[in-house]
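Below is one structure; the comments refer to it alone.
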Amino acid sequence: MSKVLGIVFSNMHETSMGDLTENRTMASVPFGGRYRMIDFMLSNLVNSGIHDVGIITKNNYQTLMNHVGNGKEWDLSRKKGGLSILPPYGRSEAGVFRGRIEALAGIKQYINDSSAEYVIMTDCDTIANVAYDDILAYHQAKDADITIVYQHKQVAKSQRNNTTVIKLDENHRVYDVVKDHAEEEGNVFLDIIVIRKTLLERIITEGQARGKVSFTQEVLQGQKDNLRIFGYDFKGYIGDIKSIEAYYKCSMDLLDKNVRNQLFPAHRPVYTRVRDEVPVRYGVDAKVSHSMLADGCIIEGEVENSIIFRGVKVGKGAKVKNCVLMEGTVVGENAKLECVISDKNVIFRNSRTLTGCETYPIVIGKGRSV
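Here it is, written out as structure tokens:
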């Protein structure tokens, strides 16, 4: 495989995630009982033979740094290459970057110093198990300047303002790029880009000179007639998380065995920071059905159709249904929760009742008491 540099944007699309990204990056949002969003991006890169990875940060990245550390869980703690955390740098009045081109300009020297021939760029809002080596092979076979990954799918109404759709000819060459897509379905851009490093360096230099900010608007839209831009159709499961509703749906999708098999195949594991915990402890009256529970939980009530993170406690007589309860959540005795997302260390006091719905789950911010 050709020498490849991986670049991960940790803060894109986080403004629509409410309390979940109030004090953390999109990359460090907990997911699936024991993971964080960035685990899927880093694992995809490593499983594809890419061991030179830079993570672009913007703000609230202390949790991200604590999680990834030196990258040893992903085999990225290396003398050459490995994992690099790239702090924010920008030329705008706000002091930080406003778009992808400005973000890349801030790490221009890092890119220049890399010996890679190609660059793969990805955001952290996509839950998928992606073989980047297959995408690179497609990129080379098409003799493409840029390859962008898409999936033809329906677009939830709540996500259309944050969705970019591409239009392709019969050879899968991109002839139009539409932001804020208004239709119910289309070829949704999954924020994964393959590009030759020399071309990326040229785009960054021109972008700096002309004050360009957005890669999608200035390059994918603005240069589609001048560059050979192709689309790669990804066929596997995709959790495209650009809203609380999408995060909730993707979490509930994990209860489907077929989805789990696609996300966690044995030959392409998803790595994360290792934390040794005791097994789940079930009380005499505990009832658990169709749920995922991480280590360290104490369950004395009822849990149905829910994702339960490490160290969650569910008291006697409590009922938890269709919920996502993050690490350290405490559900008091006789409390009733349905369609609730609780961030870390939330306390639901005895006999409290909270009921949301699948299209509008209730979100309780980190460390709060109800």
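Counting in numbering that gives the first Met the number 0, the sequence shown tops out at residue 369, every number present.
The C-beta atom is built at its ideal place from N, Cα and C for all residues, glycine as well.
For Glu385, the residue or residues it bridges with in DSSP: Any question about residue 385 goes unanswered here, given that the chain covers just 0 to 369.
3 or more residues per run - each beta strand (DSSP E) lying fully within the stretch 110-174: Counting only runs of 3 or more, we get 117-122, 145-153 and 163-167.
Met64 beta carbon less than 8 Å from that of Ile49: In this structure, Met64 does not lie closer than 8 Å to Ile49 by Cβ.
Where Thr352 falls, given that 16 or more other Cβ within 10 Å makes a residue buried: Per the 10 Å Cβ criterion, exposed.
Three-state secondary structure assigned by DSSP to Arg209: Shown here, Arg209 sits in a helix according to DSSP, grouped into three states.
Buried or exposed by the 16-neighbour rule on C-beta atoms within 10 Å, applied to His66: Buried: at least 16 other Cβ atoms inside 10 Å.
Of the listed residues Glu205, Phe263, Leu189 and Glu326, nearest to Lys241 (C-alpha basis): Residue Leu189 is the option with its Cα nearest to Lys241.
Coarse secondary structure for His12, derived from DSSP in three states: Reduced to three states, the DSSP call for His12 is coil.
Any 3 or more C-beta pairs closer than 8 Å across the stretch 213-229 and the stretch 279-290: Contact between the stretch 213-229 and the stretch 279-290 is absent: fewer than 3 CB-CB pairs across the two stretches fall below 8 Å.
Own chain partners of Asp18 with C-beta closer than 8 Å, once the 5 adjacent residues on each side are dropped: So the list reads Asp342, Val362, Ile363, Gly364 and Lys365, once near-sequence residues are dropped.
Under the three-state DSSP convention, the category Ser83 falls into: If DSSP states are grouped into helix, strand and coil, Ser83 belongs with the strands.
Alpha-carbon to alpha-carbon, Thr146 and His266: Straight-line Cα distance between these residues: approximately 25 Å.
Length of the line joining the Cα atoms of Tyr246 and Arg23: If I take the Cα positions, the gap works out to 15 Å.
Beta carbon of Gly310 nearer than 8 Å to that of Glu299: Not in contact: Gly310 and Glu299 (Cβ atoms no closer than 8 Å).
Beta-carbon proximity of Lys315 to Val330, cut-off 8 Å: Between Lys315 and Val330, the gap from beta carbon to beta carbon reaches 8 Å or more.
CB of Ala425 within 8 Å of CB of Ser42, strictly: Absent from the structure is residue 425, since the part of the chain shown begins at 0 and ends at 369.
Sheet register partners of Arg280 (DSSP bridge): Under the DSSP definition of a beta bridge, Arg280 partners with Ile297.
For Phe39, three-class secondary structure by DSSP: Phe39 falls in the helix class under three-state DSSP.
Contact check, Tyr236 vs Val269, beta carbons under 8 Å: Inclusion of Tyr236 and Val269 in the CB contact set at 8 Å is not warranted, their separation being larger than that value.
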